[in-house]
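First the structure, in the form of structure tokens, and then the observations on it.
Numbering (the working numbering), first residue to last: 1 to 233.
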């Protein structure tokens, strides 16, 4: 009865006429067709009432729900972490990949795509991407920028589809790189070797063998690049 009433409400072209009766017409169960027999009535001049039977056919079309459509289109991500290291050889980024796998920190990642400068990690939720980005900053000297973009909005329901992007840029330094420190950046130098790259930078003076630790915040306040890599030394 509910389906019959729904189909009757979907009819067009019956304005000014009365629906006297609605009946189902039998169809094959697998035909994906619904047929209705309508009895329409209308009054003409002189109070004469006319009735006519009309056969209406509906075609059943299947469709997926919104979530299934996203899965089929491989478009399920709501947040993305762009991991980048713009260096001659991204050895720090490669070591970071191994640490993420070793510590099992990629469980929430839906998909990983390689780009020329790094990796794009897709997540189903913004919170998962934000947590992943904060874990990376504990493993390498990084700076993070976030942005959001509106993909679609539904004014009727008041909902919107917003995608979030976290750009995590790793310092362009690798172990055994020779760097020229900016003036006042450290108590050693001006030439120093990168001894270790982790959550902070460990630098050593090649002349005095004195080592210092430079935090990620201190590095990004006055960033510098390598003047020679391990291959060139």
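No residue lacks a Cβ here, since even glycine has one placed at the ideal position from N, Cα and C.
### Query
Contact check, residue 164 vs residue 148 under 8 Å by CB: the rounded distance?
5 Å
### Task
Give me the Cα-Cα distance between residue 8 and residue 159, rounded to the nearest whole angstrom.
30 Å
### Distance between residue 230 and residue 184 (C-alpha atoms, nearest Å)
25 Å
### Query
Mapping DSSP to helix, strand and coil, what is residue 45?
helix
### Message
Could you tell me the alpha carbon to alpha carbon distance between residue 232 and residue 76, rounded to whole angstroms?
### Response
44 Å
### Enclosing alpha helix (DSSP H) for residue 136 [first to last residue]
126-137
### Task
Using alpha carbons as the reference points, say which of 143, 131, 168, 83 lies closest to residue 216.
143
### CB contact flag (residue 196, residue 175, <8 Å)
yes
### Message
Could you compute how far the alpha carbon of residue 61 sits from the alpha carbon of residue 31?
### Response
11 Å
### Query
What is the residue span of the alpha helix (DSSP H) that residue 7 lies within?
2-9
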